[in-house]
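Chemist: Got a structure for you, questions after.
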């Protein structure tokens, strides 16, 4: 990114066709034909709404190794990386939390996607060799040691493209809100002495509390959606304990349980993701696998011993290609710090 002497904005991307030109003083609005530029204009729009000032234009060149529309936060990475870049370029002094919230607000108000805060928050605030335990309601965050030893996370890309706004992501969000409304309306006492009428969100329920109150949710589909949320929240807490104890076998088992819940209760997987996860879990050296992201295509992850990664990829690829009819993509990954300038 670099400044211009005028007020023109020019976007280029090494992986997508087209140059987009705008003016920094434009009243930006979403237009389908603007493609990836919508994510960038959305960030500028929200920064302006929050009182940010731009005293000139700029040129931006984008490159990424993250598969687009793969469910591993390519859009959030673009949003947060761009917000960080313009903050540095124009002296906006945006905090890490600001960057994350601006990314989420842009998704909500500009892209019309009712996303959570997790992706943007982690991209903005990550620290190498740690996982983040994030309370999405309060943004309280605990850094948890992510010491994998001889194991690595392998990303498995179905190569089936999906986009949040066009998938059933917003529908699942609405179903969870309906479940919460059912529980609040029932005003049921809970074992811990609380009452469902006071629930701030589904994640405030323990599994015990949910089991005691779930009769208030009459629609079985809505019930399954809520059950996934509550049990997944418990799995997250168990995963934190497993990481702190260095118990990767337990972590792997939680990954397997999570995928089963996403498949059966939340119903966001599909044949491609299920094939990858099932094939991965059969392989020597893999302790567990699950889909990641919003589902409906995109990617899954597997925790694999580093000495078995090559055979793991070959075997899973063979199974996937024979069943699905096209190849998957694979890459091993490691942790890093959050959005930052890279000195070249």
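Residue numbers (this note's numbering): 4 to 347. Glycine included, every Cβ here is placed at the ideal spot set by N, Cα and C.
Do residue 189 and residue 219 come within 9 Å of each other at the CB atom, strictly closer than that value?
Modeler: Yes. Within cutoff.
Chemist: Are the beta-carbon atoms belonging to residue 320 and residue 303 less than 9 Å from one another?
Modeler: No.
Chemist: Taking the C-alpha atoms as reference points, what is the distance between residue 87 and residue 5?
Modeler: Computed Cα separation, rounded: 13 Å.
Chemist: Does DSSP classify residue 69 as helix, strand or coil?
Modeler: DSSP places residue 69 in coil when its eight states are reduced to three.
Chemist: Nearest-angstrom Cα distance between residue 3 and residue 274?
Modeler: Residue 3 lies beyond the range of the chain shown here (4 to 347); nothing can be said about it.
Chemist: Among 146, 134 and 37, which has the Cα closest to the Cα of residue 114?
Modeler: Looking at the Cα atoms, 37 is the closest of the given residues.
Chemist: Output the boundary residues of the beta strand (DSSP E) element that contains residue 197.
Modeler: It is not in any beta strand (DSSP E) - residue 197 carries neither H nor E in the DSSP assignment.
Chemist: Mapping the DSSP letters down to three states, classify residue 42 as helix, strand or coil.
Modeler: Helix.
Chemist: Are residue 47 and residue 65 touching if we call contact CB-CB under 9 Å?
Modeler: In this structure, residue 65 does not lie closer than 9 Å to residue 47 by Cβ.
Chemist: Roughly how many whole angstroms lie between the Cα atoms of residue 162 and residue 68?
Modeler: In a straight line, the C-alpha of residue 162 is about 14 Å away from that of residue 68.
Chemist: Straight-line CA distance for residue 182 to residue 269?
Modeler: Roughly 13 Å separates the two Cα atoms.
Chemist: My guess is that residue 251 and residue 154 are in contact by the Cβ rule of under 8 Å, so how many angstroms apart are they, rounded?
Modeler: Contact flag correct, Cβ pair sits at about 6 Å.
Chemist: Are residue 206 and residue 232 close, meaning C-beta to C-beta below 9 Å?
Modeler: Closer than 9 Å, so yes.
Chemist: Is the Cβ-Cβ distance between residue 156 and residue 137 less than 9 Å?
Modeler: No, they are not a contact pair.
Chemist: Is the stretch 309-328 in contact with the stretch 94-111, if contact means three or more CB pairs nearer than 8 Å?
Modeler: Because the criterion of three Cβ pairs below 8 Å is not met, the stretch 309-328 and the stretch 94-111 do not touch.
Chemist: On a CA-only basis, which of 267, 204, 257 and 240 is nearest residue 223? Give me that one, please.
Modeler: Looking at the Cα atoms, 267 is the closest of the given residues.
Chemist: CB residue 102 to CB residue 83, shorter than 9 Å?
Modeler: In this structure, residue 83 lies closer than 9 Å to residue 102 by Cβ.
Chemist: Below 8 Å on the Cβ atoms is my contact criterion, and I expect residue 16 with residue 39 to pass it. Report the Cβ-Cβ distance as a whole number of Å.
Modeler: Residue 16 to residue 39, Cβ: 6 Å. Contact.
Chemist: When the Cα atoms are used, what is the spatial distance from residue 168 to residue 77?
Modeler: Caution applies to residue 168, whose pLDDT of 47 falls short of 50 and renders its modelled position unreliable; the value that the coordinates give is listed next. For residue 168 and residue 77, the distance between alpha carbons rounds to 14 Å.
Chemist: Output the distance between the C-alpha atoms of residue 216 and residue 90, rounded to the nearest integer angstrom.
Modeler: Each residue's Cα considered, the two are about 47 Å apart.
Chemist: Can you name, in chain order, every residue of its own chain whose Cβ lies under 7 Å from the Cβ of residue 260, other than the five neighbours on each side?
Modeler: Taken in chain order, the residues that qualify are 238.
Chemist: Just to confirm my understanding: we take residue 264, look at its own chain, exclude 5 residues before and 5 after, and list those with CB closer than 7 Å. What are they?
Modeler: Here the set comprises 231, 234 and 235.
Chemist: Assuming the contact rule is C-beta atoms closer than 8 Å, residue 288 and residue 164 should be a hit. Round their C-beta distance to whole Å, please.
Modeler: The pair is not a contact, with the Cβ atoms about 29 Å apart (cut-off 8 Å).
Chemist: From the DSSP output, read off the bridge partner residues of residue 15.
Modeler: Note: residue 15 sits in a beta bridge opposite 64.
Chemist: To the nearest angstrom, how far is the alpha carbon of residue 62 from that of residue 21?
Modeler: About 14 Å.
Chemist: Give the straight-line distance between the Cα atoms of residue 245 and residue 135, rounded to the nearest whole angstrom.
Modeler: Rounded to whole angstroms, residue 245 to residue 135 spans 14 Å at the Cα level.
Chemist: Exposed or buried, residue 212, counting other C-beta atoms within 10 Å across all chains shown (16 or more means buried)?
Modeler: Classification for residue 212: buried.
Chemist: Identify whether residue 298 lies in helix, strand or coil by the three-state DSSP scheme.
Modeler: DSSP places residue 298 in coil when its eight states are reduced to three.
Chemist: Please go through the same chain and pick out, in chain order, the residues whose beta-carbon is closer than 7 Å to the beta-carbon of residue 312, but skip the five residues on each side of it.
Modeler: Result list for residue 312: 155, 157 and 335, in chain order.
Chemist: Give the secondary structure of residue 160 by DSSP, where H, G and I count as helix, E and B as strand, and everything else as coil.
Modeler: Looking at residue 160 - three-state DSSP - the assignment turns out to be strand.
Chemist: Determine the direct distance from the alpha carbon of residue 292 to that of residue 278, and round the result to whole angstroms.
Modeler: Approximately 11 Å between the Cα atoms of the pair.
Chemist: Do you know how far the Cα of residue 149 is from the Cα of residue 1?
Modeler: Residue coverage of the chain in this structure runs from 4 to 347, which leaves residue 1 outside it and unanswerable.
Chemist: For residue 2, list the residues DSSP reports as bridge partners.
Modeler: Because the chain is modelled from 4 through 347, residue 2 falls outside the range shown and cannot be assessed.
Chemist: Which value, in whole angstroms, describes the spacing of the CA atoms of residue 81 and residue 247?
Modeler: Distance between the alpha carbons of residue 81 and residue 247: 31 Å.
Chemist: Closest to residue 12 by CA distance: which of 44, 272 and 128 is it?
Modeler: Checking every option, the nearest Cα to that of residue 12 belongs to 44.
Chemist: May I ask which residues mark the beginning and end of the alpha helix (DSSP H) holding residue 8?
Modeler: Here residue 8 belongs to no alpha helix (DSSP H), and DSSP marks it neither H nor E.
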